[in-house]
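In my numbering, the protein residues as written are 64 to 226.
No residue lacks a Cβ here, since even glycine has one placed at the ideal position from N, Cα and C.
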Ligand SMILES: [Zn+2]
């Protein structure tokens, strides 16, 4: 029993140290731009924020990474405005350096955005049509995809599960 407890404790400590280690990696990965990443969309605007990422700040110089040349160009073009915006958020930046960069994070951000863009429940993109089953006005994308609205679809899925 005592041995059992000991085993348990070791496992707990090990989990804790793994957690601490992960936290450390996370903070070193975000570096000193952790706070900036949180405000990034507001500071840079959605378009720029989705395509360029702050990498680090050193001696008031902010390094920004972008994978596509056109976004590096856009950054270059909007440099002064961006510095201005950064300052208004309390980041004392005097220069911006632009670098080629392929961040994993950005890829997932972009695909999340794409998924939402294509999501059938979006009425702003696809419009509204009456569901052929319940006659309730529903997102056209849902009816096109499933032949019914998401409520009818859920009902159907539930029935199928019972069988
Ligand atoms: Zn329906």
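Same chain only: Cβ atoms within 7 Å of residue i, ignoring 5 sequence neighbours per side
| i | result |
| --- | --- |
| residue 215 | 194, 196 and 197 |
| residue 104 | 112 |
| residue 102 | 152 |
| residue 155 | 123 |
| residue 121 | none |
Residue i: first and last residue of the uninterrupted alpha helix (DSSP H) it sits in
| i | result |
| --- | --- |
| residue 206 | 203-209 |
| residue 114 | 109-114 |
Separation of residue j from residue i, as counted between CA atoms
| i | j | result |
| --- | --- | --- |
| residue 146 | residue 165 | 23 Å |
| residue 209 | residue 221 | 15 Å |
| residue 100 | residue 182 | 26 Å |
| residue 207 | residue 108 | 33 Å |
| residue 92 | residue 117 | Because residue 92 carries a pLDDT of 48, less than 50, the predicted location of this residue cannot be relied on, and the following value inherits that uncertainty. Distance between the alpha carbons of residue 92 and residue 117: 12 Å. |
| residue 217 | residue 83 | 42 Å |
| residue 160 | residue 132 | 14 Å |
| residue 80 | residue 143 | 44 Å |
Other residues of its chain near residue i: CB distance less than 8 Å, five sequence neighbours each side excluded
| i | result |
| --- | --- |
| residue 158 | 123, 124, 125 and 146 |
| residue 191 | 200, 201, 202 and 203 |
| residue 111 | 134, 137, 138, 141 and 145 |
| residue 163 | 128, 129, 130 and 135 |
| residue 184 | 202, 204, 205 and 213 |
| residue 150 | 156 |
Test item: CB-CB of residue i and residue j under 8 Å
| i | j | result |
| --- | --- | --- |
| residue 213 | residue 205 | yes |
| residue 115 | residue 98 | no |
Sequence-distant residues of the same chain with beta carbon closer than 6 Å to residue i, five excluded per side
| i | result |
| --- | --- |
| residue 148 | 106 |
| residue 211 | 194 and 196 |
Practice item. Report the residue ranges of all alpha helix (DSSP H) runs contained in full by the stretch 129-162; include only those spanning at least 4 residues, in chain order. Key: 132-140 and 142-151
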